[in-house]
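Colleague: Residue numbering for the sequence shown follows the numbering used here, starting at 805 and increasing by one per position. Yeah, the Cβ is synthetic: ideal placement off N, Cα and C, and Gly gets one too. If you're wondering where the values come from, they're calculated on a predicted model, not measured in any experiment. I am attaching a structure below and will ask some questions about it afterwards.
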Amino acid sequence: MFTRTLVALLVLTGLHLVKAQECRLELKGVVIDFHDAQPLELAQIYVVQLQKTFSSKSDGSYIITGLCPGNYELKISHFDCESKTLSLNLQESMVRDITLEHHVNELQEVQVLADVHDDHNSSQSATRLDQESINRFSGGTLGDALESVHGVNALKTGSAVVKPIIHGLYGSRVSIVNDGLRQQDQEWGVEHAPNIDQNTAGNIQVIKGASALRYGGDAIGGTIVLEPNRVLAKDTLNGRLIMQGQTNGRGGSLTGTLNRFRKSGWFQQATLTYKRLGDFEAPDYILSNTGNQTAAANLKIGYKKFEYGASLKYSYYQASLGILRASHIGNASDLVSSINSRTPLVINDFTYDIAAPRQDVNHHGLQAQLFKRFASAGKLEVDYSFQFNNRKEFDIRRGERSGQASLDIDLSTHQMASVFRWDAMEKLNLETGLDGMFQINQPNPETGIRRLIPDYEAYRLGAFTSGIYRFNSSWILDAGLRYDLYHIDAQKFYLQSRWEDLEYDRLYPQFEVRQEGNQILTNPNFDYHLLAFTTGIQYIFDEHYDLSMNLSSANRAPNPSELFSDGLHHALATIELGRLDLEREQSYKINTVFHLNKKGFDAEINPHLNLINNFIQLVPTGLETTTRGAFPVYRYRQTNAILYGVDLSARYNFYKQSDSPTNLNTNVLAASIGSQFSYNHGNERDTDRPLIDMPAPQLRTSGTLYGLFNTALQIGLTHEWVFKQDRFPDYDYEVFVPNDQGGQDLRTVEISKSPDAYQLVHLEMGLPIGAKNSQPRAQVFLRINNVFDRSYRNYLNRQRFYVDELGRDIQLQLILNI
């Protein structure tokens, strides 16, 4: 009896051990939207046989472990998606991506989690701003919103003109894609902000590097993709109204969005924005003539079914931007005093008037989109857009031309793109496409001033292919290749003396057309062959760790400003001189991302290295006195450069993963704390001299409390520490200025020195009011930027030579959800 019992126990134990060994299978994958392949967070995957639910993470990935061989039934659901049931026969560990037809994901609740999410579904380094983060900057600019992303800085001309910098690169090295097509709005200058209303975007993706080949191969800094709100396949009307007032500038903004969707497939969307601000204020004085006024409209109508669809969109953006009066100087003595002192030479009383110097910008866009899905193949998209941009700059002029623009440029751009995404195979996704661009630039000859940018015509023809292959649950490979032909044909007058001083008469005699007085009419034309490729690999250790590495190479042709600039740039009060002999830039970049997400702790390490041959930079070279004043002179030059750095981010959430902020009860106290650090290092490889305008190291730490006082009240505190940029090139120069004895003294213009380090504290409080369909009816936010009214100057603001940055700003924002 004992022997038989012992044998039975051994058999049962053996069977248990065998079963335990068998039940080690894993099911992994990504839950995505079938319409646009975007990851779906917090999708619920219910395994019937286990009677257990699993959730997808922020990048859409999920993992189910400890499975035995056998048949399983999975029920997958997501916010306002059509639920889906899958039946699987599992005999070994499997990777299975799940697609859902997504209808709505418009939750507007106050978030404890960061509003900035890192995408980890390929080897590219990418970060996504969600709707909550965009709403926070509804009264600001696109550049202001992007500064919240680690690795992104802002190059500024005052407070209203903000350009994004990605890993130390800006301008035409960073492309901006709005609803599928590149923005074309004279973005080449440092003082030209993107003419985009960020309130029209449902989310914004920042891709760091040249891996977004679909939109072009010349974005060696990165690509910013603004994606519209999703179209819902049901009868509904929704929208939001955002009202914001602020003390600094004594004004505010109003944004309204309305979406009408029909189950039949028809939809209409509209967004209107208006902003009006007066002179901004530093802690100790008024920043005279820095007010601005902006109006924007975005209207879209379309028809969308799962198999096919079409849409037509019209967008309009108008802005009038005041340029700091103290930045326009009358003579060399005033210029030296202004740059070398801490107080602006012009301080007037507060006003809403926007006088010269100022910019006036009008941007019109018309876009048509078509798509068709093919069974067992993929999706074909065809897009066309026309953009018209008019930019006027008004200098301080007197006499009969006092109200006439000094710069008046029309830029017309036609774009056409066709992309086919082949997604019929389970492990392989491919994209291939063709696109073209035709552009005409026409300066107004009636300004009475030499044209800064000449008449030109340009076209671009491009083709690309890229793909992502999933070997198994751990390895993902992506790669892509793109070729572009870029041609530019210009008509430009040069002063004969300058043409000969630059030796263009010897280098480019074929460009000379005819001579008129002391000027030579020239016809420069260039062809640039641009090749870009990207390849990368991602290794997923388990559900908590992944490592990605991406190598990209790209060419960028010199832009029209770099080639042809020849005269006074009124917005910056500087003289800019381009060069015809500039060669295309060649970039080789390595991006590595290590990501950890475990038990409420989320961290990312992103080191990067970029070698750029023929790197083009704009550097100060001296001073030139004209009949209209004394102005710093900047020239374009080329060098071989090396840029490297690291982005670090970490966040810890003090609550259970099952208690996400959207599920928290108002009487549950929760908290999160996070920090971001960025460091960028740029040098000339031949001389080891630092590059100009490289961002200083900066550290941003924020903490948030949610559910205070048994309410849904949220309180957040952010500490921002920007270090002193100790690595800058010495471009100081000397000028003669009159003295009291009637003679002249030699003075140094300290145009290179960087400002001191500074620390700022910002406060935010938010409260949702009421509830309807899983979202609050309204939200109230109180924000205080620069709480302690700190005086400081930013190395990346071109007006740092003349004035301090903004002082304390109290903002009150009300969001009404329809």
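Skipping 5 residues on each side, what residues in its chain have a beta carbon closer than 6 Å to that of glutamine 1617?
Modeller: Position 813 of the sequence shown, counting from 1, holds the residue named residue 1617. These residues qualify, in order along the chain: Gln1048 and Phe1585.
Colleague: My guess is that leucine 894 and leucine 829 are in contact by the Cβ rule of under 8 Å, so how many angstroms apart are they, rounded?
Modeller: Counting from one through the sequence shown, the residue named residue 894 turns up at place 90. Counting from one through the sequence shown, the residue named residue 829 turns up at place 25. So it is a contact: roughly 6 Å between Cβ atoms.
Colleague: Only counting the same chain, and skipping five residues up and downstream in sequence, which positions put a Cβ closer than 6 Å to that of glutamine 1061?
Modeller: Against the sequence shown, residue 1061 aligns to sequence position 257. Looking at the sequence provided, one finds threonine at residue 1061 rather than glutamine. The answer, listed in chain order, is Gly1043, Arg1044 and Thr1075.
Colleague: According to DSSP, is tyrosine 1343 helix, strand or coil?
Modeller: The count along the sequence shown starts at 1 and reaches residue 1343 at position 539. Strand, per DSSP.
Colleague: Is it the case that the Cβ atoms of alanine 1294 and proline 1258 are separated by a distance below 7 Å?
Modeller: Taking the sequence shown and counting its residues from 1, one reaches residue 1294 at position 490. Taking the sequence shown and counting its residues from 1, one reaches residue 1258 at position 454. Cβ distance < 7 Å, so alanine 1294 and proline 1258 count as in contact.
Colleague: Determine the closest residue to aspartate 1331 out of Val1223, Met1353, His1291 and Asp1305, with distance taken between C-alpha atoms.
Modeller: Here the question's residue 1331 lines up with position 527 in the sequence shown. Considering only alpha carbons, the answer is His1291.
Colleague: Short of 6 Å in beta carbon distance, which residues of its chain neighbour tyrosine 1112, apart from the five on each side in sequence? Order them along the chain.
Modeller: Counting from 1 along the sequence shown, the entry for residue 1112 is found at position 308. Here the set comprises Lys1176.
Colleague: What's the gap between the Cα of leucine 917 and the Cα of glutamate 1568?
Modeller: As a working mapping, residue 917 is identified with position 113 in the sequence shown. As a working mapping, residue 1568 is identified with position 764 in the sequence shown. Reliability fails at leucine 917, whose pLDDT of 35 lies under 50, so the model's placement of it is uncertain and no value is given.
Colleague: For tyrosine 1510 and leucine 1571, I'd like the C-alpha separation in whole angstroms.
Modeller: Position 706 of the sequence shown, counted from the start, is the residue given in the question as residue 1510. Position 767 of the sequence shown, counted from the start, is the residue given in the question as residue 1571. The alpha-carbon atoms of tyrosine 1510 and leucine 1571 are separated by roughly 10 Å.
Colleague: How would you write the range of the beta strand (DSSP E) that isoleucine 1292 sits in, first residue to last?
Modeller: Residue mapping note: residue 1292 aligns to position 488 of the sequence shown, counting from 1. Residues 1279 to 1299.
Colleague: According to DSSP, is leucine 1334 part of a helix, a strand, or is it coil?
Modeller: Within the sequence shown, residue 1334 is the residue found at index 530, counting from 1. Strand, per DSSP.
Colleague: When you compare only the Cα positions, how much space is there between valine 1397 and threonine 857?
Modeller: Numbered from its first residue, the sequence shown carries residue 1397 at position 593. Numbered from its first residue, the sequence shown carries residue 857 at position 53. About 30 Å.
Colleague: Could you check what DSSP says for glutamine 1603 in three-state terms: helix, strand or coil?
Modeller: For this step, residue 1603 is matched to residue 799 along the sequence shown. Glutamine 1603 falls in the coil class under three-state DSSP.
Colleague: Of the residues Leu1211, Ala1228, Phe1154 and Asp1212, which one's Cα is nearest the Cα of alanine 1181?
Modeller: On the sequence shown, residue 1181 is found 377 positions in, with the first residue counted as 1. It is Ala1228 whose Cα lies nearest to the Cα of alanine 1181.
Colleague: If you follow the beta strand (DSSP E) that serine 979 is in, where does it begin and where does it stop?
Modeller: Numbered from its first residue, the sequence shown carries residue 979 at position 175. From DSSP, the beta strand (DSSP E) with serine 979 extends over 978 to 982.
Colleague: With distances taken from CA atoms, which of Asn1354, Ala1114 and Ser862 is nearest leucine 846?
Modeller: By 1-based counting over the sequence shown, the position of residue 846 is 42. Measuring from the Cα of leucine 846, the nearest candidate turns out to be Ser862.
Colleague: Which of the three DSSP states is assigned to tyrosine 1089 in this structure?
Modeller: Residue mapping note: residue 1089 aligns to position 285 of the sequence shown, counting from 1. In the structure shown, tyrosine 1089 sits in coil (DSSP, three-state: anything other than H, G, I, E or B).
Colleague: Under 8 Å, with one C-beta from each stretch per pair, do the segment 1319 to 1331 and the segment 1394 to 1414 reach the 3-pair mark?
Modeller: Because the criterion of three Cβ pairs below 8 Å is not met, the segment 1319 to 1331 and the segment 1394 to 1414 do not touch.
Colleague: Under DSSP, the alpha helix (DSSP H) around tyrosine 1308 begins and ends at which residues?
Modeller: Position 504 of the sequence shown, counting from 1, holds the residue named residue 1308. First-last of the alpha helix (DSSP H) with tyrosine 1308: 1308 to 1311.
Colleague: Hey, how far is the Cα of threonine 1508 from the Cα of glutamate 1347?
Modeller: For this step, residue 1508 is matched to residue 704 along the sequence shown. For this step, residue 1347 is matched to residue 543 along the sequence shown. Approximately 26 Å between the Cα atoms of the pair.
Colleague: Quick check on asparagine 1322: buried or exposed, where buried means 16 or more other Cβ atoms within 10 Å of its Cβ?
Modeller: Within the sequence shown, the letter at position 518 stands for residue 1322. That one is exposed.
Colleague: Quick one: Cα of glycine 1126 to Cα of phenylalanine 1198, how far?
Modeller: Residue 1126 sits at position 322 when you count from the first residue of the sequence shown. Residue 1198 sits at position 394 when you count from the first residue of the sequence shown. Each residue's alpha carbon lies about 10 Å from the other.
Colleague: Between the beta-carbon of lysine 1117 and the beta-carbon of threonine 1098, is there less than 7 Å?
Modeller: Sequence index remark: in the sequence shown, residue 1117 carries index 313 (1-based). Sequence index remark: in the sequence shown, residue 1098 carries index 294 (1-based). Not a contact, by the Cβ cut-off of 7 Å.
Colleague: Let me know the beta strand (DSSP E) ranges lying completely inside the segment 997 to 1080, each 3 residues or longer, listed in chain order.
Modeller: The segment 997 to 1080 contains these whole beta strand (DSSP E) runs: 1007 to 1012, 1026 to 1031, 1040 to 1050 and 1055 to 1065.
Colleague: Does the beta-carbon distance from proline 1411 to valine 1450 come in below 7 Å?
Modeller: Along the sequence shown, read from residue 1 onward, the residue named residue 1411 stands at position 607. Along the sequence shown, read from residue 1 onward, the residue named residue 1450 stands at position 646. Yes, the pair counts as a contact, with Cβ atoms nearer than the cut-off.
Colleague: I'd like the list of long-range same chain contacts for aspartate 1613, defined as Cβ closer than 7 Å, with 5 residues on each side in sequence excluded.
Modeller: Position 809 of the sequence shown, counted from the start, is the residue given in the question as residue 1613. Hits under 7 Å: Gln1050, Thr1051, Asn1052, Asn1589 and Asn1590.
Colleague: What is the residue span of the beta strand (DSSP E) that arginine 1648 lies within?
Modeller: Nothing about residue 1648 can be read from this structure; the chain reaches only from 805 to 1622.
Colleague: Contact check, arginine 946 vs isoleucine 1000 under 8 Å by CB: the rounded distance?
Modeller: Sequence index remark: in the sequence shown, residue 946 carries index 142 (1-based). Sequence index remark: in the sequence shown, residue 1000 carries index 196 (1-based). Sequence inspection shows leucine at residue 946; the arginine mentioned does not correspond to that position. Yes, leucine 946 and isoleucine 1000 are in contact; Cβ-Cβ is about 5 Å, under 8 Å.
Colleague: Which first and last residues belong to the beta strand (DSSP E) in which leucine 1234 is found?
Modeller: Here the question's residue 1234 lines up with position 430 in the sequence shown. Looking at the DSSP string, the run of the beta strand (DSSP E) that includes leucine 1234 is 1232 to 1247.
Colleague: Where are the alpha helix (DSSP H) runs, 4 residues long or more, that stay fully inside the segment 1099 to 1156, in chain order?
Modeller: Complete alpha helix (DSSP H) runs here, min 4: 1136 to 1144.
Colleague: Taking only beta-carbon atoms, is leucine 946 less than 7 Å away from chain B?
Modeller: Judged by its chain identifiers, the structure shown contains no chain B, having just a single protein chain.
Colleague: Applying the 10 Å Cβ sphere with the 16-neighbour rule, what's the burial state of alanine 1179?
Modeller: Working through the sequence shown from its first residue, we reach residue 1179 at position 375. Alanine 1179 should be labelled exposed.
Colleague: One question on the structure: do glutamine 1173 and serine 1115 come within less than 7 Å of each other, judged by their Cβ atoms?
Modeller: Locating residue 1173 in the sequence shown gives position 369, counting from the first residue. Locating residue 1115 in the sequence shown gives position 311, counting from the first residue. Taking 7 Å as the Cβ cut-off, glutamine 1173 and serine 1115 qualify as a contacting pair.
Colleague: Which word fits proline 1249, buried or exposed, when buried means at least 16 other C-beta atoms lie within 10 angstroms of its C-beta?
Modeller: Here residue 1249 corresponds to residue number 445 of the sequence shown, with the count starting at 1. Exposed.
Colleague: What does tryptophan 1226 pair with, by DSSP beta-bridge criteria?
Modeller: Reading the sequence shown from its first residue, position 422 is the one you call residue 1226. DSSP, once it has assigned bridges, lists Gly1182 and Leu1234 as partnering tryptophan 1226.
Colleague: Just confirm the distance between the C-beta atoms of valine 966 and alanine 997, as a whole number of angstroms; I'd bet it's less than 8 Å.
Modeller: As a first step, residue 966 is located in the sequence shown; it is residue number 162 there, counting from the start. As a first step, residue 997 is located in the sequence shown; it is residue number 193 there, counting from the start. Between alanine 997 and valine 966 the Cβ distance is about 6 Å, and since that is below 8 Å, they are a contact.
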